[in-house]
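In what follows, a single structure is set out as structure tokens and then discussed.
Number of protein chains: 2
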Amino acid sequence: MTPDAAYKALETRFKRMNLVYDAIAMLDWDAAAMMPDGGANARADQVATLKVIAHEQATDPAMAELFDQAKPADPWAQANLREMRRGWLHATAVPGDLVEAKSKAVSECEMRWRTARKENDFKGLLPYLRRVLDLTKEVATIKAEKLGRTKYDALLDEYEPGGSSAEIDAIFDDLAKFLPDFTRAVLERQAAQAPALPLEGPFPAATQKQLAHDLMASVGFDFEHGRLDTSHHPFCGGVPDDVRLTTRWDEKDFAKGLMGVLHETGHAMYELGLPQTWRNQPVGFARGMSVHESQSLLVEMQASRSDAFLRYLAPKAAAAFGKSGPAWTPENFARVYRRVSRGLIRVDADEVTYPAHVILRYRLERALIEDRMDLADLPGAWNEQMRELVGIVPPDDRDGCLQDIHWPGGSWGYFPTYTLGAMTAAQLYAAAKQADPTIEPSISKGDFKPLMAWLRANVHALGSSLSASELLTRATGKKLDAAVFKAHLKTRYLDG
Amino acid sequence: MTPDAAYKALETRFKRMNLVYDAIAMLDWDAAAMMPDGGANARADQVATLKVIAHEQATDPAMAELFDQAKPADPWAQANLREMRRGWLHATAVPGDLVEAKSKAVSECEMRWRTARKENDFKGLLPYLRRVLDLTKEVATIKAEKLGRTKYDALLDEYEPGGSSAEIDAIFDDLAKFLPDFTRAVLERQAAQAPALPLEGPFPAATQKQLAHDLMASVGFDFEHGRLDTSHHPFCGGVPDDVRLTTRWDEKDFAKGLMGVLHETGHAMYELGLPQTWRNQPVGFARGMSVHESQSLLVEMQASRSDAFLRYLAPKAAAAFGKSGPAWTPENFARVYRRVSRGLIRVDADEVTYPAHVILRYRLERALIEDRMDLADLPGAWNEQMRELVGIVPPDDRDGCLQDIHWPGGSWGYFPTYTLGAMTAAQLYAAAKQADPTIEPSISKGDFKPLMAWLRANVHALGSSLSASELLTRATGKKLDAAVFKAHLKTRYLDG
Chain V
130 MTPDAAYKAL ETRFKRMNLV YDAIAMLDWD AAAMMPDGGA NARADQVATL
180 KVIAHEQATD PAMAELFDQA KPADPWAQAN LREMRRGWLH ATAVPGDLVE
230 AKSKAVSECE MRWRTARKEN DFKGLLPYLR RVLDLTKEVA TIKAEKLGRT
280 KYDALLDEYE PGGSSAEIDA IFDDLAKFLP DFTRAVLERQ AAQAPALPLE
330 GPFPAATQKQ LAHDLMASVG FDFEHGRLDT SHHPFCGGVP DDVRLTTRWD
380 EKDFAKGLMG VLHETGHAMY ELGLPQTWRN QPVGFARGMS VHESQSLLVE
430 MQASRSDAFL RYLAPKAAAA FGKSGPAWTP ENFARVYRRV SRGLIRVDAD
480 EVTYPAHVIL RYRLERALIE DRMDLADLPG AWNEQMRELV GIVPPDDRDG
530 CLQDIHWPGG SWGYFPTYTL GAMTAAQLYA AAKQADPTIE PSISKGDFKP
580 LMAWLRANVH ALGSSLSASE LLTRATGKKL DAAVFKAHLK TRYLDG
Chain S
130 MTPDAAYKAL ETRFKRMNLV YDAIAMLDWD AAAMMPDGGA NARADQVATL
180 KVIAHEQATD PAMAELFDQA KPADPWAQAN LREMRRGWLH ATAVPGDLVE
230 AKSKAVSECE MRWRTARKEN DFKGLLPYLR RVLDLTKEVA TIKAEKLGRT
280 KYDALLDEYE PGGSSAEIDA IFDDLAKFLP DFTRAVLERQ AAQAPALPLE
330 GPFPAATQKQ LAHDLMASVG FDFEHGRLDT SHHPFCGGVP DDVRLTTRWD
380 EKDFAKGLMG VLHETGHAMY ELGLPQTWRN QPVGFARGMS VHESQSLLVE
430 MQASRSDAFL RYLAPKAAAA FGKSGPAWTP ENFARVYRRV SRGLIRVDAD
480 EVTYPAHVIL RYRLERALIE DRMDLADLPG AWNEQMRELV GIVPPDDRDG
530 CLQDIHWPGG SWGYFPTYTL GAMTAAQLYA AAKQADPTIE PSISKGDFKP
580 LMAWLRANVH ALGSSLSASE LLTRATGKKL DAAVFKAHLK TRYLDG
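Chains as they are written, first to last, in our numbering: chain V, 130 to 625; chain S, 130 to 625.
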């Protein structure tokens with residue numbers, strides 16, 4: 130087989146495999162947004178079968194030879210080959226019986242976790258979580274060997290291709306030093322100011338939905354290529370040509386849900402903007418979790434909580450719900466949307482304290498993977514880090530180390546991508562505004578087109594052709610720099 | 130491999146293949162009910178890939194040996210093996226290049242048909258339809274050889290397993306003799322009676338939907354295992370544990386759509402009632418198109434247009450829409466729902482004239498498949514049969530031989546199942562009422578439980594363990610008998 134034919138054969142195989150994953154994505158959306166409860170077992174069987182089929186395609190022995198022979202000349206094809214190889218390595222590195230054992234341990238641990246969290250029972254969860262951790266370490270050891278990385282970095286690579294804990298350490302240590310004093314200063318300043326006036330409902334779901342639709346359209350969401358529906362946990366699913374957003378409507382509070390929709394719309398814009406010519410090829414995929422999260426946080430945190438956008442949003446929301454008065458001003462919206470508090474729960478955390486929650490998890494999961502800590506010591510270590518980083522201590526494990534599903538679910542190495550994403554968002558938004566001064570004035574009129582044009586050219590349309598670090602350097606002139614994120618926080622929370 | 134192991138291996142393979150088809154069924158439902166237009170290309174790629182995967186599973190060379198070795202002892206397993214073999218034969222009989230050529234010809238012909246119908250252009254369609262017919266005849270010739278049947282029966286077998294045109298001829302010739310005089314008598318009687326009073330709207334879609342939900346629940350539809358949504362063409366999709374019905378709402382006319390929902394609910398009850406222990410095995414599937422259509426028509430035509438049900442429906446519909454007066458009586462509902470007229474269009478035909486439309490198509494498609502007629506002569510032959518069987522002649526081909534998508538779509542041998550289903554429905558309903566005299570009194574109170582209990586035991590739970598003919602004989606004491614259907618028509622349209 131010629132090098133060109135070998136490469137083409139790989140493209141054909143990856144297209145086919147990725148179309149199976151696309152089908153799974155649609156079925157997963159349906160399970161969350163449409164499926165009646167009684168369909169769950171049948172659906173689990175369907176998805177499990179499709180996963181086995183895709184895995185068999187990935188592990189077909191013929192692949193190794195194709196990888197040996199393929200030598201494309203085109204730079205995008207070369208990048209595609211590199212991404213194919215990375216995906217293939219993750220899919221084939223670990224023997225099938227270990228994959229199965231971990232999958233089984235995760236299922237059992239997740240189920241146990243639901244009860245353990247409710248009952249504040251870390252001890253009851255411990256043996257299940259230890260089993261998941263042990264198997265994850267086995268996976269890490271094997272992948273570390275094959276990838277030539279440390280164990281933690283080998284896990285990280287699945288979510289953050291090419292990510293390095295040495296680099297994350299430097300950035301997170303910088304932030305960890307900065308955050309405690311900064312948070313104290315923000316809280317003091319906030320206490321000295323007028324409190325946010327409550328936005329009083331009720332807010333009918335249908336009105337919220339119409340408002341969300343309008344704002345999604347303002348951001349640029351293409352309803353010819355996607356939908357908005359309701360599910361218990363909001364997410365952005367589907368495939369790039371058919372993006373399925375979900376949210377839920379709280380009739381007592383529209384403000385949080387609305388930002389949730391804008392967050393998911395940021396994810397959606399990334400998917401919708403991926404390079405059309407590389408659909409279903411690895412180089413056409415989103416770059417990784419930190420870049421993906423940067424796109425949601427860029428829309429939600431950077432753009433939609435900016436003064437510019439709140440000037441547009443406040444009167445629009447007031448009109449939609451038929452409200453008026455001092456609570457419905459841009460200034461009060463800013464107080465509502467920028468309220469900072471020391472909380473126990475990561476998913477409820479604000480922009481300032483969120484990174485502290487993430488740094489804590491990153492440090493602990495690394496210590497556990499690298500055998501520098503025993504799992505039985507997790508609750509104590511958690512509370513200690515909470516005191517240091519967030520400034521409060523959980524009264525129990527329910528709102529402490531039992532709060533997240535990631536570790537019981539087998540996702541180790543995922544947490545840092547949240548804060549890497551927040552920092553990437555700040556850096557991209559600053560560069561975008563500098564490159565195109567019409568961006569913020571447009572956003573103040575509800576028009577995201579200039580922002581999205583810049584993101585399309587500098588992020589979305591690049592797919593996975595560059596590493597996250599290369600992409601950021603190309604777009605902003607430098608690697609990820611904590612100083613930009615810190616400057617953003619200072620401007621918004623101390624100077625604003 | 131032991132005979133038992135070979136059979137188990139087949140079960141595993143068929144389960145896996147059928148789960149892929151289940152995934153396709155869910156994606157098809159989504160495409161009709163949920164998908165934005167821009168998702169169509171991506172969806173076509175997903176479904177095409179899953180179909181290729183399922184086809185590769187079916188045509189795996191290892192299957193032949195497993196079929197040679199498998200010898201299960203259990204009667205259901207034996208029936209399962211028989212059905213596996215039948216499905217495998219249909220899947221593997223025809224060489225891949227012929228399957229592909231037909232699939233391509235069908236795509237082109239369907240596309241051309243949409244224009245040709247609009248423009249009343251049979252001549253323009255002719256070369257495309259001839260290509261589909263020629264390839265269908267090639268398929269028929271190959272399958273006839275492998276199945277040991279005539280060419281037409283080999284095509285019929287795909288929709289009506291074991292169906293025989295010799296038996297259909299006898300039944301249809303009987304009906305064809307009966308219908309012209311009977312139709313004339315019904316029309317004369319109808320002309321002498323008071324005409325149906327119009328049910329005047331508007332009928333808000335939300336109210337129609339609530340009413341449809343209530344009636345589906347009355348029939349026994351389990352919303353824990355299914356949904357009702359909107360699509361352009363109503364259908365019953367999904368899988369037995371998660372049945373997805375669709376309909377559309379006409380705010381000027383609720384009556385037709387409501388019967389459409391009841392029709393699809395009949396299909397759904399069959400799927401929901403298939404044997405739970407044989408999910409994803411061929412013996413656990415519905416028995417074929419005529420039995421499936423019998424279940425929809427049993428609910429729609431036999432039960433829901435009975436005097437008993439209309440006594441329940443008329444006041445319920447009046448209350449739902451806030452209506453009253455002489456149009457909203459059971460007697461007027463009966464006139465609305467039993468109006469007979471000679472029409473040109475099959476899908477708009479009433480219970481009395483529908484079989485004539487089907488017999489016409491059956492006779493013509495057989496003549497075409499058996500080379501007793503040239504395709505160029507179709508319009509003339511169509512009009513001649515319309516005159517003889519329905520009693521009117523189409524003014525053009527648009528409302529004549531161009532009206533159905535079946536032939537351009539490559540579905541030859543499908544048409545007779547509609548009327549076989551109608552007759553089977555009449556025979557099953559008569560036997561059910563005789564076996565359980567509480568059935569009709571219950572239906573007059575909107576309670577379908579006794580009827581569904583009988584159908585569950587005598588039809589649904591049998592899956593494909595028996596042939597359609599064996600199933601009917603077991604349930605009613607005799608093979609399909611046109612006399613029962615004729616008696617039903619006489620009772621309803623001349624004596625009632």
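Backbone N, C-alpha and C define an ideal beta-carbon position, used for all residues, glycine too.
Only a predicted model underlies this, so the values are computations on that prediction, with no experimental measurement involved.
>> Under DSSP, the beta strand (DSSP E) around T375 (chain V) begins and ends at which residues?
In response: D371 to T376
> Taking C-beta to C-beta, are V176 (chain V) and T178 (chain S) nearer than 8 Å?
Replying inline: no
> Within the 8 Å Cβ cut-off, does D174 (chain V) reach chain S?
Replying inline: yes
> Going along the chain, which residues of the stretch 157-173 of chain V sit with their C-beta nearer than 8 Å to a C-beta in chain S?
Replying inline: D159, M163, M164, P165, D166, G167, G168, N170, A171 and R172
> When the Cα atoms are used, what is the spatial distance from G575 (chain V) to M581 (chain V)?
Replying inline: 12 Å
>> For a quick check, are the C-beta atoms of P484 (chain S) and L304 (chain S) less than 8 Å apart?
In response: yes
> Interface residues of chain V around G292 (chain S) at Cβ under 9 Å?
Replying inline: Neighbours of G292 (chain S) on chain V: none; closest Cβ ~30 Å, over 9 Å.
> Does any C-beta atom of chain S lie closer than 8 Å to the C-beta of H354 (chain V)?
Replying inline: yes
>> By the 7 Å beta-carbon criterion, what residues does the stretch 141-154 of chain S contribute toward chain V?
In response: R145, L148, V149, D151 and A152
> Around the C-beta of L623 (chain S), are 16 or more other C-beta atoms found within 10 angstroms, so that it is buried, or is it exposed?
Replying inline: exposed
>> Can you confirm whether D610 (chain S), when its beta carbon is compared against all beta carbons of chain V, has any partner nearer than 8 Å?
In response: no
>> Against V368 (chain V), what residues of chain S qualify as contacts under a CB-to-CB distance less than 7 Å, listed in chain order?
In response: A171
>> Which same chain residues end up closer than 6 Å to F544 (chain S) when comparing Cβ atoms and leaving out the 5 residues on each side of it in sequence?
In response: V487, R490 and Y491
> Does the separation of the CB atoms of E212 (chain S) and V412 (chain S) fall below 8 Å?
Replying inline: yes
>> Counting only Cβ-Cβ distances shorter than 7 Å, please list the residues of the stretch 179-196 of chain S near chain V, keeping chain order.
In response: L179 and I182
>> Just to confirm the assignment: which complete alpha helix (DSSP H) runs, minimum length 4, are found wholly within the stretch 388-454 of chain S?
In response: 418-426 and 436-450
> What in chain S is Cβ-close to D371 (chain V), meaning under 8 Å?
Replying inline: M164, P165, G167, G168, A171 and R172
> Three or more C-beta pairs closer than 8 Å, one from the stretch 181-189 of chain S and one from the stretch 603-617 of chain V: is that the case here?
Replying inline: no
>> Rounded to the nearest angstrom, what separates T546 (chain V) and G395 (chain V) at their Cα positions?
In response: 16 Å
>> With distance defined between alpha-carbon atoms, name the residue in S:G550, S:Q514 and S:Y466 nearest to F383 (chain S).
In response: S:Y466
>> Quick check on DSSP: helix, strand or coil for D358 (chain S)?
In response: strand
> Just by C-beta distance, which residues in the stretch 327-344 of chain S are closer than 9 Å to chain V?
Replying inline: none
> Quick one, are the C-beta atoms of G167 (chain V) and D351 (chain S) less than 8 Å apart?
Replying inline: yes
>> Under DSSP, the beta strand (DSSP E) around G367 (chain S) begins and ends at which residues?
In response: C365 to V368
>> What I want to know is whether the C-beta of K144 (chain S) ends up closer than 7 Å to one or more non-hydrogen atoms of the ligand ZN.
In response: The model depicted lacks the ligand ZN and carries no ligand whatsoever.
>> In whole angstroms, give me the CA-to-CA distance for E353 (chain S) and P165 (chain V).
In response: 5 Å
>> Output needed for P523 (chain V): all residues of its chain with C-beta closer than 7 Å, excluding positions within five of it in sequence on either side, in chain order.
In response: L473, N512, M515 and G529
> For P327 (chain V), which option in V:P455, V:E499 and V:E599 has the closest C-alpha, if you only look at C-alpha atoms?
Replying inline: V:P455
> Leaving out the 5 sequence neighbours to the left and right, which residues in its chain are closer than 6 Å to E480 (chain S) when beta-carbon positions are compared?
Replying inline: M430
>> Using 8 Å for Cβ pairs, my map puts Y369 (chain S) next to E400 (chain S). What's the rounded Cβ distance?
In response: Just to set this straight, residue 369 (chain S) is Pro in the shown sequence, not Tyr. Rounded, the Cβ-Cβ distance is 5 Å, consistent with contact.
>> So, does the stretch 259-268 of chain S touch the stretch 215-229 of chain S, judging by three or more C-beta pairs under 8 Å?
In response: yes
>> Give me the chain S residues within the contact set of D351 (chain V), using Cβ-Cβ distance strictly less than 8 Å, ordered along the chain.
In response: G167
>> What does the Cβ neighbour count give for E494 (chain V), buried or exposed, with the cut at 16 atoms within 10 Å?
In response: buried
> Is the stretch 437-453 of chain V touching the stretch 415-427 of chain V, taking contact as three or more C-beta pairs under 8 Å?
Replying inline: no
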